Structures are given as structure tokens and as C-alpha cells.
Amino acid sequence: MTTTALPTITLPELLAQAGLQTRVDRKYLVPLSTLAAIPTADPGLRVLEIDGLTRHAYASRYEDTAGRESYLLAARGRPSRYKVRTRTYCDSGLEFLEVKTRTRRGETVKDRLALDIATRLEVRRFVPATIRERTGLEARIA
């Protein structure tokens, strides 16, 4: 199955409905034979379409402390944890510094800083301030 049979949604429509900055993430591995049933199971399912494209390339670079705190918090299943990454959307060239935190209630919260307009000072302060505010942890990203 491909996504061509599914209805599409534009980025402005998607952001108007749900910015997805706070959410509960669930990921599943399913056999290919199950994919055909998904549109029936979830009639609200849409495929993101930007400038006529439904496949979108992005590159991510993850950052961590010298002691690998972010990795170890996730590996040990800590309720409060974080990930820091730079994400570049290849089609548009947009680049963001993102801090994803996990709350004790299991919600994932993503805070983003657009790197094309941020000052160096904003970039330096963004990560530790966001981690501290969301988790109470003091992180020093390497």
C-alpha cells in the first residue's frame, strides 16, 4: 500500500487543527497487510502535502551532554527526560533547534527555535532553559 490513495492535508490546515507540540506518542510495528485497513479504522487519517509533495526529507542531528545524560534517561525509562536535536527540512531549507521533553504523565512536548532568525544568545539559552522549565533537570549539552 502507498499513501497515494489517502486524502491529503496541507501544512496550514494541519497546524490549524493541531500543532502537535504537545502530544502522547505511540509507535507501532504492523505487518504490511495491516496497512490497507488503517484508512477504514481511522477515517480522519490524512497525508501531509506541501507544494504537491507527499514525501518529505529531513535531517536530524541529536545532541547530548558529555556524560550521555539524555541517552541514559531514555534508556532507563525515566519519566522526565529530554532530547535535543537540530532538524533541517530539506525541501524548504528551514532549520530548527528542538527540545523534546517527556512529562511524568507520558506527554511529549516539543519546543522549537527557528535558527534562521535566532540570535546566538537565544540559541545558547534555549536548550538549558527549556529543559529546566519542562523537567527540572540541569543539562549541559556538549
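For what it's worth, the numbering used here labels the leading residue of the sequence shown as 111, then goes sequentially. C-beta: ideal position from N, C-alpha, C; glycine also. Predicted model only: the values in this text are computed from it and were never measured.
Endpoints, beta strand (DSSP E) assigned at residue i
| i | result |
| --- | --- |
| T118 | T118 to T120 |
| A184 | First-last for A184: E179 to A185, but that is the alpha helix (DSSP H), not the beta strand (DSSP E). |
| R195 | R191 to Y199 |
| T213 | That residue, T213, is in no beta strand (DSSP E); it is neither H nor E in DSSP. |
Burial state of residue i, where buried means 16 or more other Cβ atoms lie within 10 Å
| i | result |
| --- | --- |
| R242 | exposed |
| Y192 | buried |
| V237 | buried |
Nearest candidate by alpha-carbon position, reference residue i, set the options
| i | options | result |
| --- | --- | --- |
| A147 | L125, A169 and L116 | L116 |
| G154 | T118, L139 and L231 | T118 |
| D161 | S143, D201, R195 and A169 | D201 |
| R244 | P189, H166, R156 and L139 | P189 |
Start-to-end residues for the alpha helix (DSSP H) that takes in residue i
| i | result |
| --- | --- |
| V237 | R230 to T245 |
Within-8 Å CB hit, residue i to chain B
| i | result |
| --- | --- |
| L231 | Of the protein chains in the structure, only one exists, and it is not chain B. |
Rounded distance between the beta-carbons of residue j and residue i, thought under 8 Å
| i | j | result |
| --- | --- | --- |
| R195 | Y172 | 5 Å |
Open item on the list: For the stretch 176-188 against the stretch 202-209, do three or more pairs of beta-carbon atoms, one drawn from each stretch, fall closer than 8 Å, so that the two count as touching?
Closed with: no
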